[in-house]
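**Q**
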Amino acid sequence: MSTFYITTPIYYVNAEPHLGTAYSTIAADVLARYHRLKGDDVFFLTGVDEHGENIQTLAAEKGISEQDLCDQMAPTFTKLWNKLNLSNDIFLRTTSEFHKRGAIKFLSALHEAGDIYKDKYKGYYCRRCESFYTNRELGDNKNCPVHKLPTEWVEEENYFFALSKYQDRLLAHIRANPEFIQPESRRNEILNVVESGLRDVSISRGSVSWGIPLPFDQTHVIYVWIEALCNYITALGYADDGEKYRKYWPADIHMMGKDITRFHAIIWPAMLMAIDLPLPKQIFAHGFLTNQGEKISKTKGNVIDIDALIGEFGLDAFRYFFMREFSFGNDGDYAHERFVLRYNADLANDLGNLLSRTLGLVAKNFGAVPEPTTPGEFDDEVKEMARETINKVDALMNQRSLDMALETIWELVRRVNRYIQQTQVWSLAKSEETKGRMGTILYNCMEALRTVAVLISPFMPDTANRIRQHIGLDESDQGLDTVAQWGGLPAGKTIGRAQPLFPRKDLKKVVEQLESAPEAKAEKPQAKTTDNLISMSEFQGMDLRVAEVLSAERIPKADRLLKLQVDLGSEKRQVVAGIAEHYAPEDLVGKQVILVANLEPAKIRGIESQGMVLAAAGKKELALATFEKEMPPGTQVR
Ligand code: MSP
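If you're matching positions, the sequence shown starts at 17 in the working numbering and goes up one per residue.
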């Protein structure tokens, strides 16, 4: 039996899980379930990343111990994962003893390999990422490429891993194994980074106490990222060379979001090379889920209410939508409208109708699964397509094209609906002569539904079971091999009408309802928590100025936007502001507003905007921030 070991990132416990973190984990769950369906011996790891400076700081702010903070936060993940029906085999916490022992063993091995040395590190550091960045990565403004906020200059004595030593071997490995980093865009990105030269990386922190002490210098803790990467082997019992470790390592796939590919595709394999351990077979990085173009994250306060979505559509529709709607590997912008449209088209119409039409006709005319006695036109085409679908889905799952695998299953669903139309099966009940043909067509529809149920089971486990029950099967015994042969559905089982699997939704009503869900209602400033604290130096990085509006005009075909010319004392600026629904252009002239003067210029609807005006922005209301008395244009706002 083949083994299949799949992992998700381990998530930081300084914020509760959200749609973005759920996305990675559901995708991994789908692959884990698919491989179980194929009969593989699967091990599916997920967990939480509990050490590091961010956790230490948050615990101090809350006035509780770091361990208490982790103990409070870890269950928020397990609770959501249970709700999402995830089938992970282990939920790893990095504060557990087996992980600590494993990480210590790993660092000792690296040390013994002679690839660790002590040095002074100087560089730009982002505290949120807990990561140093090079000048090249930062660009001119020295802002963190992930958070777009100023980094700090840090000088610190640290231990280093001689990453540069592995540059050539790594490059050769990536080149020789096209599947190693996927999708292609990420592979090219990593190839570029490695080709342009690797620098050694720091693997310890002397200034942080919440972590695992370095085995060879207890005054330092292991840098949280290095320790976190070890989780992929510590989870298997690497500390004791356990049976699982010997059975499942190397991993078949490390699944993650594109933000953390470099750690996984460069540092992790190089460290494994250093201690002669096999490399994971694949690093797969999917895109981000965004909300109005911005990455969904707790820090940004733009999360989507998962409970409200599941409450409205049901869990399986939730899992289906996120796996189907967005091309896996690329970013996808969430909108309630997209959910309702996709739900109505694919689930209520295509799949729901196929089941209810088929069962309705069977129940009315036969009362049981009919015998396929009378072959006829289109039968072979449907059978052939069902068989091909199984193969195509397999190829697509191996390419991690999860959305296309679903699309392929739905092509079959739509083909069978067409078969019902083409054969006009409902009209064949008229005479005993045609009833044999009717039974055969309906049998074929049920048999196709049996195939569909098995294929969708990794994505929609409960729906798959409901379909199976409806067509007279029990929930067990649904491996891929059970649908390899056409005709496996036994005739004669009593069949009743189906309750609608996915009742249709009213687009307008549902969108309105979801927009008033608790998390959607939380305005961004209120959604801020102490996770969002910024340092004084980060605040000072912003150049806020008094700006006087000289003129304002509407922008054709952009209902929300106004183009403003503002006076900044020493210069004039043009700014595009999304305030047209709240201010008439003529009312703005002469108003003094606050301008973020050092914002990167951006093109909005093709018009250059050289700054941003500040306003209090609620869901419906908006008010520009102005001054209590007139000030000279250009005065700094502090
Ligand atoms: N702790 C590290 C990972 C260590 S793995 C050895 C970390 N944690 S995290 O909590 O920040 O989670 C990052 C992961 O969450 C991303 O790589 C991605 O898998 C997922 N996502 C978080 N927000 C996301 C979106 N908006 N969209 C899609 N996935 C996102 O980094």
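Glycine residues also receive a C-beta, built at the ideal position from the N, C-alpha and C atoms. These figures come from a predicted structure and were not determined experimentally.
(1) Relative to the C-alpha of A445, which candidate in G650, G455 and Q72 has its C-alpha closest?
(2) Going by C-alpha distance, which of M287, L584 and V385 is nearest P296?
(3) Nearest CA to the CA of G627: which residue from F304, R143 and G594?
(4) Where do the N-terminal and C-terminal ends of the alpha helix (DSSP H) with N381 fall, by residue?
(5) Under the DSSP definition of a beta bridge, which residues are partnered with W169?
(6) Where does G368 land, buried or exposed, given buried means 16+ other C-beta within 10 angstroms?
(7) Out of T439, L331 and R621, point me to the one whose CA is closest to W97's CA.
(8) Could you say if the region 386-395 and the region 483-496 meet the contact criterion of at least three C-beta pairs nearer than 8 Å?
(9) Here's the rule I'm using: 16 or more other beta-carbon atoms within 10 Å means buried, otherwise exposed. How should W502 be labelled?
(10) To which residues of the same chain is T439 closer than 6 Å at the C-beta, ignoring the five residues directly before and after it?
(11) Considering Cα atoms alone, identify which of S218, Q183 and H51 is closest to L207.
(12) Can you tell me which of I425, R416 and F394 puts its alpha carbon nearest to the alpha carbon of E404?
(13) Taking the Cβ atom as the reference point for each residue, do T62 and Q83 lie within a distance shorter than 8 Å?
(14) Which of helix, strand or coil does DSSP assign to Q198?
(15) Under the DSSP definition of a beta bridge, which residues are partnered with G79?
(16) With a Cβ-Cβ cutoff of 8 Å, do L123 and L179 count as a contact?
(17) Please report the distance separating the alpha-carbon of Q308 from that of V64.
(18) DSSP beta-bridge partners for F232?
(19) In the DSSP assignment, what are the bridge partners of S581?
(20) If you compare alpha carbons, which of I282, H163 and G345 is closest to V209?
(21) What would DSSP say about I73, mapped onto helix, strand or coil?
(22) Measuring only the C-alpha atoms, how far is E128 from L252?
(23) Does at least one heavy atom of the ligand MSP sit under 7 Å from the Cβ of L85?
(24) Nearest by alpha-carbon distance to D583: which of E463, V409, S212 and V565 is it?
(25) For the candidate residues L517, N174 and P516, whose alpha-carbon lies nearest to that of K138?
(26) If you measure between the beta carbons of S625 and A632, is that distance less than 8 Å?
(27) Kindly indicate which residue of N157, L523 and Q581 has the alpha-carbon position closest to the one of K328.
(28) My output table needs one value for I511: the three-state DSSP class, helix, strand or coil.
(29) Using the Cα positions of H115 and P516, report the straight-line distance between them to the nearest angstrom.
(30) Quick check on P285: does DSSP put it in helix, strand or coil?
(31) When the distance is taken between beta carbons, is A379 closer than 8 Å to P519?
(32) Give the straight-line distance between the Cα atoms of N159 and P166, rounded to the nearest whole angstrom.
(33) T41 and L102: beta carbons closer than 8 Å?
(34) If you reduce the DSSP assignment to three classes, tell me which class K619 lands in.
(35) Taking the beta carbon of S3 as the centre, do at least 16 other beta carbons fall within 10 Å, making it buried, or is it exposed?
(36) Rounded to a whole number of angstroms, what is the C-alpha to C-alpha distance between K95 and I197?
**A** Per the coordinate set shown:
(1) Among G650, G455 and Q72, the Cα nearest to that of A445 belongs to G455.
(2) Comparing alpha-carbon positions, the option among M287, L584 and V385 lying closest to P296 turns out to be M287.
(3) Measuring C-alpha to C-alpha distances from G627 to each of F304, R143 and G594 identifies G594 as the nearest.
(4) Counting along the chain, the alpha helix (DSSP H) containing N381 begins and ends at N369 to N381.
(5) Beta-bridge pairing by DSSP links W169 to Y140.
(6) Flag for G368 reads buried.
(7) Nearest C-alpha to W97: L331.
(8) The region 386-395 makes no contact with the region 483-496; the number of CB pairs closer than 8 Å stays below 3.
(9) Flag for W502 reads buried.
(10) Excluding sequence positions up to five before and after T439, its CB lies within less than 6 Å of the CB of I457, all in the same chain and listed in chain order.
(11) With respect to the C-alpha of L207, the residue from S218, Q183 and H51 having the closest C-alpha is Q183.
(12) The shortest Cα separation from E404 among I425, R416 and F394 belongs to I425.
(13) With contacts defined by Cβ atoms closer than 8 Å, T62 and Q83 do not form a contacting pair.
(14) Of the three classes helix, strand and coil, the one that applies to Q198 here is strand, per DSSP.
(15) According to DSSP, G79 bridges with nothing at all.
(16) No, these two residues do not count as a Cβ contact at 8 Å.
(17) Going from the Cα of Q308 to the Cα of V64 covers about 28 Å.
(18) DSSP output for F232 lists no bridge partner at all.
(19) The sequence shown places Gln at residue 581, rather than the Ser named in the question. According to DSSP, which records beta bridges pairwise, Q581 is partnered with S567 and Q590.
(20) With distances taken between Cα atoms, V209 lies closest to I282.
(21) The identity of residue 73 in the sequence shown is Thr, whereas the question assumes Ile. Residue state, collapsed to three classes: helix.
(22) Taking the CA atoms as reference points, E128 sits about 22 Å from L252.
(23) Taking non-hydrogen atoms of the ligand MSP into account, the C-beta of L85 is found less than 7 Å away from none of them.
(24) Of the candidates E463, V409, S212 and V565, the residue whose Cα lies closest to the Cα of D583 is V565.
(25) Closest in C-alpha terms to K138, from the list L517, N174 and P516, comes N174.
(26) In this structure, A632 does not lie closer than 8 Å to S625 by Cβ.
(27) According to the sequence displayed, residue 328 carries Glu and not Lys. Across the set N157, L523 and Q581, the C-alpha of L523 shows the shortest separation from the C-alpha of E328.
(28) Of the three classes helix, strand and coil, the one that applies to I511 here is coil, per DSSP.
(29) C-alpha separation (whole angstroms): 47 Å.
(30) Judged by DSSP in its simplified three-state form, P285 adopts helix.
(31) Contact: no.
(32) So the two alpha carbons sit approximately 4 Å from each other.
(33) Cβ atoms of T41 and L102: closer than 8 Å.
(34) Strand.
(35) There is simply no residue 3 to check, as the chain begins at 17 and stops at 654 in what is shown.
(36) Looking at the backbone, the Cα of K95 and that of I197 are separated by about 31 Å.
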